[in-house]
Structure formats: C-alpha cells, structure tokens
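S.K.:
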Amino acid sequence: MAWPTGQKKTREDVAKRNKTRSQNLLKKAKQQYIKDQIITEKLGSIIHWDTLSLKKFKSRTRRAVQITCGRCRMRRWVQFDNLIKLLRKPWFTGCCLSCMRGLTWIAKGRYRPEKRKTTQSGYIKVYIPENPMADKRGEIYEHRLIMSNALGRSLKKWEHVHHKDGNRTNNNIDNLELVSTQENQVLKDAIFRVKYLESLLNKHNIPFT
Numbered sequence: 088m089a090w091p092t093g094q095k096k097t098r099e100d101v102a103k104r105n106k107t108r109s110q111n112l113l114k115k116a117k118q119q120y121i122k123d124q125i126i127t128e129k130l131g132s133i134i135h136w137d138t139l140s141l142k143k144f145k146s147r148t149r150r151a152v153q154i155t156c157g158r159c160r161m162r163r164w165v166q167f168d169n170l171i172k173l174l175r176k177p178w179f180t181g182c183c184l185s186c187m188r189g190l191t192w193i194a195k196g197r198y199r200p201e202k203r204k205t206t207q208s209g210y211i212k213v214y215i216p217e218n219p220m221a222d223k224r225g226e227i228y229e230h231r232l233i234m235s236n237a238l239g240r241s242l243k244k245w246e247h248v249h250h251k252d253g254n255r256t257n258n259n260i261d262n263l264e265l266v267s268t269q270e271n272q273v274l275k276d277a278i279f280r281v282k283y284l285e286s287l288l289n290k291h292n293i294p295f296t
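Those letters in the sequence shown? Residues 88 to 296, per our numbering, in order.
#1: Per DSSP, which one or two residues make a beta bridge with K122?
#2: Using the rule of at least 16 other Cβ atoms within 10 Å of the residue's Cβ for burial, across every protein chain shown, is N236 buried or exposed?
#3: Just the Cα atoms here: how many angstroms apart are V248 and M220?
#4: Who are the Cβ neighbours of I126 in its own chain at under 6 Å, not counting the five residues just before and after it?
#5: Please look up how many angstroms separate the CB atoms of Q153 and R147, rounded, as I've assumed it's under 8 Å.
#6: Suppose you measure from the CA of K122 to the CA of W136; what does that come to, to the nearest Å?
#7: For L263, which of Q272, K275, T256 and H250 has the nearest alpha-carbon?
#8: Cβ atoms of Y228 and K212: under 8 Å apart, would you say?
#9: Note down, in chain order, each residue of its chain lying with its Cβ closer than 6 Å to the Cβ of F295, except the 5 sequence neighbours on either side.
#10: Between which residues of its own chain and C159 is the CB-CB distance below 6 Å, once the five residues before and five after are set aside?
#11: Just how far apart, CA to CA, sit S191 and G157?
#12: To the nearest angstrom, report how far apart K210 and I260 are at their CA atoms.
#13: When you compare only the Cα positions, how much space is there between F279 and L232?
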C-alpha cells in the first residue's frame, strides 16, 4: 500500500494503516479457513481455525491460530504465516517442541532409512526398528546385533563389541568379542600406538617382524 505523495507520515498514521491492513488480511483468512483441521491422523494434532485472530508477538501484531498438540493435548498459539509454510512440509506433525523431541525420525516422517548401510566411521548399520537396542532412527550396529543374537539377550549400554582383526566390516561371530567400556578403550589405545610405531618404522626404513 503506497503512501500518498507529499503527505507527511506520522507514527500514529503508520500504526493505523498497519492495523487496517492486518484486519483485512485476518478477514480474508477467516473466510478461507473455517473448520478444525487434523494435521496427522496418527498423532491427532488439531488446528482450531475458529481461534484465528490478531496476537502480539514481541513487538509486532500478527495473525495467529491455536493448535492442540497430538501427544500432550496442550494448546499453543502459532503464527498464521509460519503455519501455512509448515503445512506444506510432509514432516510437519503439529506437536509442540517438547513432544517433538521424544518422537523418532520415522514418526516425524523425516527419515527414509536404508536396510543396510556403512557409516562414515566404517561400521555397518542395519534397519530393525522393532529391536530394543535400535536407536531413534530404528537402526542398530550389525556387530552388536550379531553378538546379541549369539548371547540370546540385549546388550547393555556399557558393553562393547570389539573386532579382533580391526576390520569393522568383518562381523563374523568368530571375529567379535564382548568387552567392557574400560577394556574397549585400552584396546583402542593399544591399536593406535601399534599403528603409530609401525608408521615410524616405515618412515625410517627400520625392518620389523
């Protein structure tokens, strides 16, 4: 909305113009959105379009609407413009921030896992979301899964599975051994020192057996 040429603007005039524009935008939005809307059937978050009104966020007045979280059932105000952008996202659930932290990536719809993959650190991960040792993504390290199946129980968090030959992709049960956190750290330090000594011997052309 352009300001008339040659007319001096005052703070009151600008505030009045902004209020009129906000009311017009609010009226237009109310005509378009009327009934309550369920965001996801699985979680049950609800947008209450009948609560659409002008609310003050910090120093500005914005169009806002109330949303009921599908998990904790608490209502909260959300800016209308932000909500319209979020509704275009396939992963938007309508849950509040604290409840979103407790959701898995699969429940959020943000993750498309592979059945088997190699991580950047060289370990192999498999996708088994029903396993109690799986992380929030539904993945579990293959060497931990094989050791768990061999023992017939789930592994504790402090229990580590060590690769005897140092090859992280060789998950044969004969190549795996169960160690504690302290033992695992000692083994890692020992392997690092051996590799460092081998590099020094090679650098100075010192034969070793």
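Backbone N, C-alpha and C fix where the C-beta goes; we use that ideal spot for every residue, glycine too.
M.R.: Considering the structure as presented:
#1: K122 has no beta-bridge partner at all, per DSSP.
#2: N236 is exposed by the Cβ-count criterion.
#3: In this structure, the straight-line span from the alpha carbon of V248 to that of M220 is close to 14 Å.
#4: Excluding sequence neighbours, I126 sits near S132 and G181.
#5: Taking a contact as a CB-CB distance under 8 Å, the pair Q153 and R147 does not count as one, their CB atoms being some 19 Å apart.
#6: The alpha-carbon atoms of K122 and W136 are separated by roughly 6 Å.
#7: L263 has its Cα closest to that of H250, out of Q272, K275, T256 and H250.
#8: Cβ distance < 8 Å, so K212 and Y228 count as in contact.
#9: For F295, where only same-chain residues beyond five positions count, the Cβ hits under 6 Å are L288.
#10: Within the same chain, and ignoring the five residues on either side of C159 in sequence, the residues whose Cβ sits closer than 6 Å to its Cβ are C186.
#11: Here the sequence assigns Thr to residue 191, which means Ser is not the residue at that position. Per the coordinates, the alpha-carbon of T191 lies some 15 Å from the alpha-carbon of G157.
#12: Sequence inspection shows Tyr at residue 210; the Lys mentioned does not correspond to that position. Between Y210 and I260, the C-alpha separation is close to 15 Å.
#13: F279 and L232: Cα-Cα distance of roughly 26 Å.
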